[in-house]
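Participant: End of the sequence shown = 82 in full-length UniProt numbering, gap-free, step of one. Beta carbons are placed, not taken as given, at the ideal position from N, Cα and C, and that holds for glycine. It should be emphasised that the depicted structure is a prediction, and the values quoted were computed from it without experimental measurement.
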Amino acid sequence: MPSSLSPWLPALAALGAVVLLLWLLARGARLTGLAAPSGKRLGVQEVLALDTRRRLVLLRVDGREVLLLTGGPQDSVLGWLP
Numbered sequence: 001m002p003s004s005l006s007p008w009l010p011a012l013a014a015l016g017a018v019v020l021l022l023w024l025l026a027r028g029a030r031l032t033g034l035a036a037p038s039g040k041r042l043g044v045q046e047v048l049a050l051d052t053r054r055r056l057v058l059l060r061v062d063g064r065e066v067l068l069l070t071g072g073p074q075d076s077v078l079g080w081l082p
């Protein structure tokens, strides 16, 4: 083995050990529920065309639903549903 490579081997081994440890910690956090949820916070539940211009849109935001009227002269929030 060349002598120029020998000082780098312990450094590479230590770096590999640190990367492996971080990967194991992240995997454990995901499996135990400690990591932040990876789900989406916003989603379109349903869209209903009222006519050629206007639509009712039901959105889910953080587990709650909101009803929007879009396509007219002004978009409106009709309300939050329980």
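Hey, G72 and R55: beta-carbon distance below 7 Å or not?
Facilitator: As a working mapping, residue 72 is identified with position 72 in the sequence shown. As a working mapping, residue 55 is identified with position 55 in the sequence shown. No, they are not a contact pair.
Participant: Between which two residues does the alpha helix (DSSP H) harbouring R30 extend?
Facilitator: Taking the first residue of the sequence shown as position 1, residue 30 is located at position 30. Run containing R30: W8 to T32, per the alpha helix (DSSP H) assignment.
Participant: Considering only their Cβ atoms, is the gap separating V44 from L20 smaller than 7 Å?
Facilitator: On the sequence shown, position 20 is the one that residue 20 refers to. On the sequence shown, position 44 is the one that residue 44 refers to. Not a contact, by the Cβ cut-off of 7 Å.
Participant: What is the DSSP secondary structure of S4, counted as helix, strand or coil?
Facilitator: As a working note, residue 4 is residue 4 in the sequence shown. Coil, per DSSP.
Participant: Which residues in the same chain as A13 place their Cβ atom closer than 6 Å to its Cβ, once the five residues preceding and following it in sequence are excluded?
Facilitator: What you label residue 13 is simply residue 13 of the sequence shown in a count that begins at 1. So no residue of the chain qualifies.
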